[in-house]
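Taking it in order: structure first as structure tokens, then the write-up.
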Ligand SMILES: NC(=O)c1ccc[n+]([C@@H]2O[C@H](COP(=O)([O-])OP(=O)(O)OC[C@H]3O[C@@H](n4cnc5c(N)ncnc54)[C@H](OP(=O)(O)O)[C@@H]3O)[C@@H](O)[C@H]2O)c1
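Residue numbers (the working numbering): 198 to 596.
Okay, here's the thing in structure tokens:
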């Protein structure tokens with residue numbers, strides 16, 4: 198075992214190993230983690246200098262060898278990524294801005310000392326360097342689907358990501374860099390956020406050709422910002438505005454599957470390096486069908502107000518016009534978000550002949566069932582209230 202760890206250390210100390218030489222490390226790393234437990238085997242492919250120490254059977258108290266800085270860990274996807282990394286014994290550095298409370302929920306996900314919140318300033322290069330200093334993996338989850346007075350779409354979704362890649366390159370010991378983009382990100386998108394995400398992908402792969410880009414579809418899960426927003430609106434106002442005629446196709450995906458894909462990419466033998474993955478759920482929904490799933494789960498009678506796209510744009514435009522002109526912050530847009538309305542004018546589904554969950558060995562969950570079960574909190578008589586069958590009988594049919 199000592200001979201193996203010596204060889205591993207020597208290999209990992211060679212500067213800038215090529216992809217083919219990295220692949221030759223795979224059987225060694227696999228053996229080191231125990232061939233009897235392939236599911237526990239962890240094969241972080243070394244790139245630059247980095248000392249990998251791995252111990253244990255792969256559980257929370259093991260040492261996976263990953264020291265990951267997860268930018269954007271305080272968000273929705275972040276909690277699932279941190280949880281899955283911590284579960285296999287990784288150390289997770291959590292740069293956060295704002296209050297100490299924002300990373301607090303993450304600390305419990307790992308053993309004592311494994312989750313390390315670090316205050317940083319995304320506009321201060323030195324604080325980013327400090328957050329990355331001890332890491333061998335960087336995962337960028339920073340993103341925002343609306344602009345604020347302080348941060349433009351381009352700064353958050355493109356420039357910050359590019360800066361992280363540049364700093365990771367200078368660092369020299371970052372073995373894996375994972376950028377989370379969005380399905381539908383394209384330089385020709387009508388949405389500014391999706392254009393910024395596309396620019397970030399291009400800049401990152403230019404700076405770090407061995408980076409991995411994940412492009413998840415709309416994320417669904419306990420803290421999501423689509424079904425929760427719809428359910429809340431439907432409960433408050435007894436109807437749901439359906440932008441357009443609700444026929445736009447989307448391929449929503451369970452957030453836990455996306456986190457699993459990120460971890461699977463880290464665990465492979467380097468095959469995901471330099472690749473782009475499109476991560477959509479197993480089913481394609483129209484917006485109307487997704488809203489029906491929401492109504493069915495909250496056991497309310499579906500009522501829609503179809504809002505033609507020009508009217509939806511007219512409702513959402515004033516926020517964008519006045520955002521930087523008034524001396525106070527404007528409310529966060531949810532249903533009427535101009536940029537998202539632009540994004541929802543076209544279908545957003547996984548393209549053909551691209552890498553997907555299958556290439557990472559993951560079978561994504563169907564949404565109906567456990568992934569949307571959190572919506573039962575919106576049932577008016579409590580979680581056990583009503584039945585989907587009785588709700589589906591029109592009140593007009595009652596005697
Ligand atoms: N949610 C979806 O449906 C969806 C779908 C496809 C792709 N994605 C992408 O997946 C990634 C994670 O999504 P998410 O839903 O977890 O997002 P989220 O909940 O909004 O979290 C975003 C993270 O980015 C950070 N962030 C936002 N603006 C920042 C700024 N100006 N400076 C520094 N940090 C900033 C946030 O930090 P604070 O907590 O400090 O604000 C938070 O940690 C994003 O890149 C997103 O674009 C999301």
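Ideal Cβ placement from N, Cα and C applies to all residues, glycine included.
Note that the coordinates shown come from a computational prediction; the quantities given were computed from them, not determined experimentally.
Exercise. Report the option in 345, 420, 281 and 250 whose CA atom is closest to the CA atom of residue 522.
Key: 345
Quiz item: So does residue 350 have its beta carbon nearer than 7 Å to some heavy atom of ligand 1?
Solution: no
Quiz item: Thinking C-alpha only, which one of 535, 397, 293 and 306 is nearest residue 287?
Solution: 306
Self-check item: residue 354, DSSP secondary structure in three states
Solution: helix
Quiz item: Alpha carbon to alpha carbon, what distance is there between residue 416 and residue 518?
Solution: 28 Å
Quiz prompt | Where the alpha helix (DSSP H) through residue 476 begins and ends | solution = Segment 473 to 476 is the beta strand (DSSP E) holding residue 476; no alpha helix (DSSP H) there.
Quiz item: In terms of alpha-carbon separation, which member of 272, 256, 335 and 327 lies closest to residue 418?
Solution: 272
Exercise. Express the C-alpha separation of residue 264 and residue 311 in angstroms, rounding to a whole number.
Key: 9 Å
Quiz item: What number of angstroms, rounded off, separates the C-alpha of residue 507 from the C-alpha of residue 445?
Solution: 15 Å
Self-check item: First through last residue of the alpha helix (DSSP H) which encompasses residue 375
Solution: Note, residue 375: premise wrong, no alpha helix (DSSP H); beta strand (DSSP E) at 373 to 377.
Quiz item: Could you give the residue range of the alpha helix (DSSP H) that holds residue 507?
Solution: 506 to 519
Quiz item: Out of curiosity, what's the CA-to-CA distance linking residue 499 and residue 486?
Solution: 11 Å
Exercise. Report the rounded CA-to-CA distance for residue 581 versus residue 340, giving the unit in angstroms.
Key: 36 Å
Quiz item: Would you say the beta carbon of residue 270 comes nearer than 7 Å to a heavy atom of ligand 1?
Solution: yes
Quiz prompt | Beta-carbon gap between residue 408 and residue 362 smaller than 8 Å | solution = yes
Quiz item: Looking at residue 300 and residue 328, is the spacing between their C-beta atoms short of 8 Å?
Solution: no
Self-check item: Distance between residue 563 and residue 489 (C-alpha atoms, nearest Å)
Solution: 15 Å
Quiz item: Applying the criterion that 16 or more other CB atoms from any shown protein chain within 10 Å of the CB defines a buried residue, is residue 496 buried or exposed?
Solution: buried
Quiz prompt | Proximity below 8 Å, CB of residue 319 to CB of residue 294 | solution = yes
Self-check item: Runs of beta strand (DSSP E) lying entirely within the stretch 252 to 293, each at least 3 residues, in chain order
Solution: 264 to 268 and 288 to 293
Quiz item: Excluding sequence positions up to five away, which residues of its chain have a Cβ less than 7 Å from the Cβ of residue 424?
Solution: 417, 491, 569 and 572
Practice problem: Leaving out five residues on either side along the sequence, give the residues of the same chain with a beta carbon under 6 Å from the beta carbon of residue 471. | Solution: 406 and 407
Quiz item: Under the criterion of a Cβ to heavy atom distance below 7 Å, does residue 329 qualify as lining ligand 1?
Solution: no
Quiz prompt | residue 315: CB within 7 Å of a non-hydrogen atom of ligand 1 | solution = no
Quiz item: Three-state secondary structure (DSSP) at residue 337?
Solution: strand
Quiz prompt | Residue from 527, 374, 351 and 317 with nearest C-alpha to residue 460 | solution = 374
Quiz prompt | Limits of the alpha helix (DSSP H) - the one that residue 394 falls within | solution = 389 to 404
Quiz item: Which partner residues of residue 451 appear in the DSSP bridge assignment?
Solution: 417
Quiz prompt | When 371, 347 and 390 are compared against residue 153, the one with the closest alpha-carbon | solution = One cannot answer for residue 153 here, as it falls past the ends of the chain, which runs 198 to 596.
Quiz prompt | Cβ separation of residue 397 and residue 378, assumed to be a contact under 8 Å, to the nearest whole Å | solution = 7 Å
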